[in-house]
Amino acid sequence: MKALITGVLGQDGSYLAEYLLAKGYQVVGIDVGSSHSSLPGLEYVQGSLADGEFMNGLLIEQRPDEIYNLGSVSNVSRSFDRPEETFDVNLLPVIRMLELLRRQLKSVKFLQASSSEMFRQEPDPPFDENSLIDPCSPYAVSKAAAYHLVKIYRNTYNLFACNAVLFNHTSPRHSLDFFVSKIVKGLVEIKRGKKEKLKVGNLDIEKDWGYAGDYVKAMPLILEHQQPDDYVIGTGKYLSLKTMLEYVLNKLNLSYNKVVETDPTLIRPNEPKRVYSDPSKIMMSLGWRPEKSIEQVLDMMIEAEMEKQGGK
Numbered sequence: 347m348k349a350l351i352t353g354v355l356g357q358d359g360s361y362l363a364e365y366l367l368a369k370g371y372q373v374v375g376i377d378v379g380s381s382h383s384s385l386p387g388l389e390y391v392q393g394s395l396a397d398g399e400f401m402n403g404l405l406i407e408q409r410p411d412e413i414y415n416l417g418s419v420s421n422v423s424r425s426f427d428r429p430e431e432t433f434d435v436n437l438l439p440v441i442r443m444l445e446l447l448r449r450q451l452k453s454v455k456f457l458q459a460s461s462s463e464m465f466r467q468e469p470d471p472p473f474d475e476n477s478l479i480d481p482c483s484p485y486a487v488s489k490a491a492a493y494h495l496v497k498i499y500r501n502t503y504n505l506f507a508c509n510a511v512l513f514n515h516t517s518p519r520h521s522l523d524f525f526v527s528k529i530v531k532g533l534v535e536i537k538r539g540k541k542e543k544l545k546v547g548n549l550d551i552e553k554d555w556g557y558a559g560d561y562v563k564a565m566p567l568i569l570e571h572q573q574p575d576d577y578v579i580g581t582g583k584y585l586s587l588k589t590m591l592e593y594v595l596n597k598l599n600l601s602y603n604k605v606v607e608t609d610p611t612l613i614r615p616n617e618p619k620r621v622y623s624d625p626s627k628i629m630m631s632l633g634w635r636p637e638k639s640i641e642q643v644l645d646m647m648i649e650a651e652m653e654k655q656g657g658k
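In my numbering, each number is its position in the sequence shown, counted from 1, plus 346.
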């Protein structure tokens, strides 16, 4: 079985590549950066997901059994400043890949990594596969458009095309563009005496947080199912950003009032206050369950960052 993963150097891509290789897959990984992966068995190809000619040629050459489209511009705040780039990467490649599958590679199974950012607080959460999609950022709009395209191509052209609607998930591999990685790195730097303050935005936001290593295990289950479908992947629980920040502060024996500073420029416009999932469908239909709690994940991240900055 051959799988092709876009965004393979990112958090989700690297965990998925490891998981599929361990299952005996042949894995081809694509990303824009020079490969720093030490994964034995991974066939890495450097290139841009937004380069339609490159992607079409690669897919025709490789003829994978499965495509996992995880590559994206995924920083929500930055998408307000770079909406065209966001759509060039998050939407147009999905259209091109679906068209190629429709015309030449119809037997290939396709999984699109979608996002809980498509949902808002109204109507009230939890959100499942039938919830109203009401995006409120350029990033969310690009993901919502790709999500609907996958459904259209599945229903119209009988493609095995699926959406994995991923709620927030993190790990020691998460980019520093994201809140949890930022606070862990910043607070460890404060603990080490390398900086004095951590600047944060709105901490009252409540989200559904899980472990990236758990979430990627749901993806092949979706493509192994006998019928193509869409699935929400989350924990079904929510936690405020403030609670997560306080957990890390307590672990590092730091005082909130002494080291945390609110920066209004970090507050994202139109951000929903509470977003969390109802993952009943994937749990009942495919037997998937999250294994690690967010507290366990935070512990992993703190330990990894402490080691990175010079021992425990």
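Glycine is no exception: its CB is placed at the ideal position from the N, C-alpha and C atoms.
| request: Answer with buried or exposed for residue 596, where buried requires no fewer than 16 other C-beta atoms within 10 angstroms of its C-beta. | output: Within the sequence shown, the letter at position 250 stands for residue 596. Here residue 596 is exposed. Its C-beta has fewer than 16 other C-beta atoms within 10 Å.
| message | Here's the rule I'm using: 16 or more other beta-carbon atoms within 10 Å means buried, otherwise exposed. How should residue 368 be labelled? | response | Start at 1 with the first residue of the sequence shown, and residue 368 comes out as number 22. Counting Cβ neighbours within 10 Å, residue 368 comes out exposed, since fewer than 16 surround it.
| message | Our contact map puts residue 515 next to residue 561 with C-beta atoms below 8 Å; I'd like the distance itself, whole angstroms only. | response | Here residue 515 is taken as the residue at index 169 of the sequence shown, counted from 1. Here residue 561 is taken as the residue at index 215 of the sequence shown, counted from 1. Indeed they touch by this definition, with Cβ atoms about 5 Å apart.
| Closest by CA to residue 366, which one among 391, 401 and 414? | The residue given as residue 366 occupies position 20 in the sequence shown. Taking only the C-alpha atoms, the option nearest residue 366 is 414.
| message | Helix, strand or coil, according to DSSP, for residue 500 in the structure here? | response | Residue 500 sits at position 154 when you count from the first residue of the sequence shown. Here residue 500 sits in helix by DSSP.
| query | Given that a residue counts as buried once 16 or more other Cβ atoms are within 10 Å of its Cβ, and exposed if not, what is residue 726? | reply | This structure cannot speak to residue 726, because the chain is shown only from 347 to 658.
| field | Cβ separation of residue 496 and residue 476, assumed to be a contact under 8 Å, to the nearest whole Å | value | Locating residue 496 in the sequence shown gives position 150, where the first residue counts as 1. Locating residue 476 in the sequence shown gives position 130, where the first residue counts as 1. With a Cβ gap of about 16 Å, residue 496 and residue 476 do not count as contacting.
| Helix, strand or coil: how does DSSP classify residue 584 here? | Residue numbering aside, residue 584 sits at position 238 when the sequence shown is read from its first letter. In the three-state reduction of the DSSP assignment, residue 584 falls in the coil class.
| Which residues DSSP lists as bridging residue 510, in chain order | The residue you call residue 510 lines up with position 164 of the sequence shown. DSSP, once it has assigned bridges, lists 459 and 577 as partnering residue 510.
| said: Using the Cβ count rule (16 or more neighbours within 10 Å means buried), how would you classify residue 499? | reply: By one-based count along the sequence shown, residue 499 stands at place 153. So residue 499 ends up on the buried side.
| query | For residue 651, which residues from the same chain have a beta carbon less than 7 Å from its beta carbon, with the 5 sequence-adjacent residues on both sides left out? | reply | Numbered from its first residue, the sequence shown carries residue 651 at position 305. Counting only Cβ-Cβ distances below 7 Å, and skipping sequence neighbours, we find 530, 531 and 534.
| Quick one: is residue 458 buried, meaning 16 or more other Cβ sit within 10 Å of its Cβ, or exposed? | Taking the sequence shown and counting its residues from 1, the one referred to as residue 458 is at position 112. Counting Cβ neighbours within 10 Å, residue 458 comes out buried, since at least 16 surround it.
| said: Tell me which residues share the same chain as residue 417 and place their Cβ nearer than 6 Å to its Cβ, disregarding the 5 neighbours each side in the sequence. | reply: On the sequence shown, residue 417 is found 71 positions in, with the first residue counted as 1. The answer, listed in chain order, is 352, 353 and 395.
| message | Under 8 Å: do the segment 473 to 490 and the segment 634 to 642 share three or more Cβ pairs, one atom per stretch? | response | No, the segment 473 to 490 does not touch the segment 634 to 642.
| request: Taking only the alpha-carbon atoms, compute the straight-line gap between residue 440 and residue 645 and give it to the nearest angstrom. | output: Here the question's residue 440 lines up with position 94 in the sequence shown. Here the question's residue 645 lines up with position 299 in the sequence shown. Their Cα atoms are separated by approximately 36 Å.
| task | Taking 8 Å as the threshold, find out whether the segment 618 to 630 comes into contact with the segment 583 to 592 through three or more Cβ pairs. | result | yes
| request: Over the uninterrupted alpha helix (DSSP H) stretch that includes residue 640, give me the two end residues. | output: Counting from 1 along the sequence shown, the entry for residue 640 is found at position 294. Here the alpha helix (DSSP H) through residue 640 covers 640 to 654.
| Coil, strand or helix - residue 413 by DSSP | Here the question's residue 413 lines up with position 67 in the sequence shown. Residue state, collapsed to three classes: strand.
| task | Could you name the residues that DSSP lists as bridge partners for residue 394? | result | Locating residue 394 in the sequence shown gives position 48, where the first residue counts as 1. Paired residue(s): none; residue 394 is not in a bridge.
| message | Is the beta carbon of residue 447 closer than 9 Å to that of residue 537? | response | Taking the first residue of the sequence shown as 1, we reach residue 537 at position 191. Taking the first residue of the sequence shown as 1, we reach residue 447 at position 101. For residue 537 and residue 447, no; Cβs fall outside 9 Å.
| Beta-carbon separation of residue 522 and residue 454 under 9 Å? | The residue you call residue 522 lines up with position 176 of the sequence shown. The residue you call residue 454 lines up with position 108 of the sequence shown. Contact: no.
| said: Check for me: the alpha helix (DSSP H) holding residue 352 runs from which residue to which? | reply: For the purposes of this step, residue 352 is identified with residue 6 of the sequence shown, where counting begins at 1. No alpha helix (DSSP H) contains residue 352, which is instead part of the beta strand (DSSP E) from 348 to 352.
| said: By DSSP's criteria, residue 377 is part of a beta bridge. Which residues make up the other side? | reply: For the purposes of this step, residue 377 is taken as the residue at position 31 of the sequence shown. The partner list for residue 377 (beta bridge, DSSP) reads 392.
| query | Between 507, 463, 647 and 493, which lies nearest to residue 568 when the distance is taken from Cα to Cα? | reply | Mapped onto the sequence shown, residue 568 falls at position 222. Among 507, 463, 647 and 493, the Cα nearest to that of residue 568 belongs to 507.
| said: I'd like to check one pair, residue 423 with residue 614: are the Cβ atoms closer than 9 Å? | reply: Stepping through the sequence shown from its first residue, residue 614 is reached at position 268. Stepping through the sequence shown from its first residue, residue 423 is reached at position 77. Taking 9 Å as the Cβ cut-off, residue 614 and residue 423 qualify as a contacting pair.
| message | Since residue 378 and residue 363 should fall inside the 8 Å C-beta cutoff, what is the C-beta to C-beta distance between them, to a whole number of angstroms? | response | Working through the sequence shown from its first residue, we reach residue 378 at position 32. Working through the sequence shown from its first residue, we reach residue 363 at position 17. No, residue 378 and residue 363 are not in contact; Cβ-Cβ is about 16 Å, not under 8 Å.
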